[in-house]
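Participant: Pasting a structure here, questions to come.
Dropping the structure here:
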């Protein structure tokens, strides 16, 4: 029992992932990638555009499998889609033909919960993200930020022990994004799930995470890992003006910049 | 086009005009526009009918072939009050509608089921796509004599023809709709815990629904074509038979009268379909204002 508690939430051990391009060429997205996420830890992954950040998440969900190496979730190898995992997408992945509450209920209903139970849970989660008044609206009637909050409720209602987020807020405007950061940290602090948050926005990564992984330009591998020792609870709107935050930003950016430039030069060539 | 109705031109209002005044002016402009559209729609129809009538009476066109609106109206009146030479009009209409509706329902249900099944199964799609392409290349109406030979002069042969007219249209759209389903949405449903069947039922099919509906709109018309062509080739009842008999007796007014009946029925069906679609698709963003 104690042994089980101490295994990390997620381990990627020397993982590689190759694709076949439509023309039949083999492309490498990840190479010798090693990462560990402890239970309850908030990890952010930053790297240049298109370097294979999202691939790491797909390996953890079981939607994709590694070409070499091992992916372990809660100490066991990944086989198929793990019900303990929640995923927040970059694009709008809500079901547009369902109302807000029907969207939030989807998870429990898919998992065989009775309808009254699912409805009650969905109402509770909508209240927590402040959308009780919009239960019967359709997604197209909501703003981008509200849709993201529905997506968070839809994911959190399943009580995930591992939360994977693929640039979830990149389509939002800056003010809304900061509000969503606060919202996410608040919800996360109540659940203490382990989080992997993929982003290209370094400040977002530092403001949210305990640990920041910097990836190399593709094929991605871990370049360096930084621990962020900023006290919690954090106020995301203000934290960016603190000296320690600025120091972290400067150090990590110096590191990331090289990779961004490599990636840019490669794309231009 | 639609913006014209609510366009508030710069300079049309002095500074200090209240919102209420602007709204009233916009409402008036919209009403005026609707009336103009309606006026022209009716005028063009009336002009067409008058021109036809006059041309036929003055024998600019031969009324023997082209009939004239008054003769067509009279024939419709006779058919509805006294019945046709082949019995009551309503029975013929009923037979044609029965054939069309059964063909339409069975054809679209089969099209949706097989379209979704093949859309979800790439292997099966690759295997069967060649056969579907081959069969699809047959002009459907040439099957009419075959169906009548096999299934006889009654209901079954017309239903079969309406079925094949409808099936391929619906099948193609259902298949395409399934293929176009958003990948992120599918991944989301699977991670939320959907089984394969749940995924098909509550994600794939609803997201293919707008494709499917687009095909249902045209395919009721196709079902009517199937039924009427079948009746041409061989039948004892139906609107197609009326047209055939009118042709045989050089009764131009009768042919046009039958066409008018089919037109009215097809328009009515289209209207019903739009109503059902609007009800089912209330989740879709509404256009800001209507043209009609």
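Residue numbers (our numbering), protein chains in the order written: chain A, 91 to 359; chain B, 82 to 373. Just so you know, even glycine gets a beta-carbon here, dropped at the ideal spot from N, CA and C. Here the structure is a predicted model, which is why all the values come from computation and not from measurement.
Any beta carbon of chain B sitting closer than 8 Å to that of residue 99 of chain A?
Facilitator: No, residue 99 of chain A does not count as interfacial toward chain B.
Participant: Under 8 Å, with one C-beta from each stretch per pair, do the segment 240 to 248 of chain B and the segment 297 to 304 of chain B reach the 3-pair mark?
Facilitator: They touch, by the three-pair rule.
Participant: Does any C-beta atom of chain A lie closer than 8 Å to the C-beta of residue 356 of chain B?
Facilitator: Judged by the 8 Å Cβ criterion, residue 356 of chain B is not in contact with chain A.
Participant: With 16 as the cutoff for other CB atoms within 10 Å, does residue 266 of chain B come out buried or exposed?
Facilitator: Buried.
Participant: Taking only runs of the alpha helix (DSSP H) that begin and end inside the segment 125 to 163 of chain A, which ones reach a length of at least 4 residues, in chain order?
Facilitator: Complete alpha helix (DSSP H) runs here, min 4: 143 to 151.
Participant: Using a Cβ-Cβ cutoff of 8 Å, what residues of the segment 133 to 159 of chain A are near chain B? List them in chain order.
Facilitator: Of all residues in the segment 133 to 159 of chain A, 151, 153 have a Cβ within less than 8 Å of some Cβ in chain B.
Participant: Quick test of your reading: residue 117 of chain A and residue 108 of chain A, contact by CB under 8 Å. State the CB separation rounded to the nearest angstrom.
Facilitator: The Cβ separation is near 7 Å, so the contact holds.
Participant: Do the segment 167 to 175 of chain A and the segment 97 to 106 of chain B make contact, defined as three or more Cβ pairs closer than 8 Å?
Facilitator: No, they do not touch.
Participant: Can you find a CB in chain B that lies within less than 8 Å of the CB of residue 187 of chain A?
Facilitator: Answer yes: the Cβ-Cβ gap between residue 187 of chain A and chain B drops below 8 Å somewhere.
Participant: Against chain A, with Cβ distances strictly below 8 Å, would residue 201 of chain B count as a contact?
Facilitator: By this cut-off, residue 201 of chain B is not an interface position.
Participant: Compute the Euclidean distance between the alpha carbons of residue 112 of chain B and residue 344 of chain B, then round it to the nearest angstrom.
Facilitator: Near 29 Å, if we compare the C-alpha coordinates of residue 344 of chain B and residue 112 of chain B.
Participant: Specify, as a first and last residue, the run of the alpha helix (DSSP H) that residue 55 of chain B falls within.
Facilitator: This structure cannot speak to residue 55 of chain B, because chain B is shown only from 82 to 373.
Participant: Using only alpha-carbon positions, find the residue among B/193, B/340, B/124 that is nearest to residue 154 of chain B.
Facilitator: Ranking B/193, B/340, B/124 by Cα distance to residue 154 of chain B puts B/340 first.
Participant: Hey, quick one: how far does the beta strand (DSSP E) through residue 361 of chain A stretch, first residue to last?
Facilitator: Because chain A is modelled from 91 through 359, residue 361 of chain A falls outside the range shown and cannot be assessed.
Participant: Assign residue 281 of chain B to one of three DSSP states: helix, strand, or coil.
Facilitator: Residue 281 of chain B falls in the helix class under three-state DSSP.
Participant: Between which two residues does the beta strand (DSSP E) containing residue 255 of chain A stretch?
Facilitator: Unbroken beta strand (DSSP E) run through residue 255 of chain A: 252 to 256.
Participant: Counting only beta-carbon separations shorter than 8 Å, does residue 177 of chain A have a partner in chain B?
Facilitator: Chain B, which has a Cβ nearer than 8 Å to the Cβ of residue 177 of chain A, makes this yes.
Participant: Contact criterion: CB-CB distance below 8 Å. Does residue 273 of chain B meet it with respect to chain A?
Facilitator: So yes, residue 273 of chain B belongs to the interface.
Participant: Quick check: is the beta carbon of residue 364 of chain B nearer than 8 Å to any beta carbon in chain A?
Facilitator: Residue 364 of chain B counts as touching chain A.
Participant: Compute the Euclidean distance between the alpha carbons of residue 119 of chain B and residue 126 of chain B, then round it to the nearest angstrom.
Facilitator: Looking at the two C-alpha atoms, the distance is approximately 11 Å.
Participant: Please compile the residues from chain A whose C-beta is within a distance smaller than 9 Å of the C-beta of residue 268 of chain B.
Facilitator: Those are 148, 151, 153, 177, 179, 183, listed as they occur along chain A.
Participant: Around the C-beta of residue 169 of chain B, are 16 or more other C-beta atoms found within 10 angstroms, so that it is buried, or is it exposed?
Facilitator: Exposed, by the Cβ-count rule.
Participant: Apart from the five residues on each side of it in sequence, which residues of its chain come closer than 8 Å, Cβ to Cβ, to residue 117 of chain B?
Facilitator: There are no such residues.
Participant: Less than 8 Å separating the beta-carbons of residue 177 of chain B and residue 326 of chain B?
Facilitator: Not in contact: residue 177 of chain B and residue 326 of chain B (Cβ atoms no closer than 8 Å).
Participant: Are residue 219 of chain A and residue 229 of chain A touching if we call contact CB-CB under 8 Å?
Facilitator: No, these two residues do not count as a Cβ contact at 8 Å.
Participant: Scan the segment 238 to 271 of chain B for residues whose Cβ lies nearer than 8 Å to a Cβ of chain A and list them as they occur along the chain.
Facilitator: Against chain A - using a Cβ distance shorter than 8 Å - the residues of the segment 238 to 271 of chain B are 263, 265, 266, 268, 269, 270, 271.
Participant: Let me make sure I understand the geometry here. Which of B/235, B/205, B/194, B/218 has the alpha-carbon closest to that of residue 251 of chain B?
Facilitator: Closest option to residue 251 of chain B, Cα to Cα, is B/194.
Participant: If you measure from the beta carbon of residue 34 of chain B to each beta carbon in chain A, is any gap under 8 Å?
Facilitator: Examination of residue 34 of chain B is not possible in this model, given that chain B is present from 82 through 373 alone.
Participant: Using beta-carbon positions only, say whether residue 252 of chain A and residue 295 of chain A come within less than 8 Å of one another.
Facilitator: No, the Cβ-Cβ distance between residue 252 of chain A and residue 295 of chain A is not below 8 Å.
Participant: Enumerate in chain order the residues of its own chain whose CB-to-CB distance from residue 85 of chain B is below 8 Å, with the five nearest sequence positions on each side excluded.
Facilitator: Unreliable placement is indicated for residue 85 of chain B, whose pLDDT of 45 sits below 50; the coordinate value is still reported in the next sentence. These residues qualify, in order along the chain: 114.
Participant: Give the C-beta separation of residue 328 of chain A and residue 133 of chain A to the nearest angstrom, bearing in mind that I take them to be a contact with Cβ-Cβ under 8 Å.
Facilitator: Between residue 133 of chain A and residue 328 of chain A the Cβ distance is about 23 Å, and since that is not below 8 Å, they are no contact.
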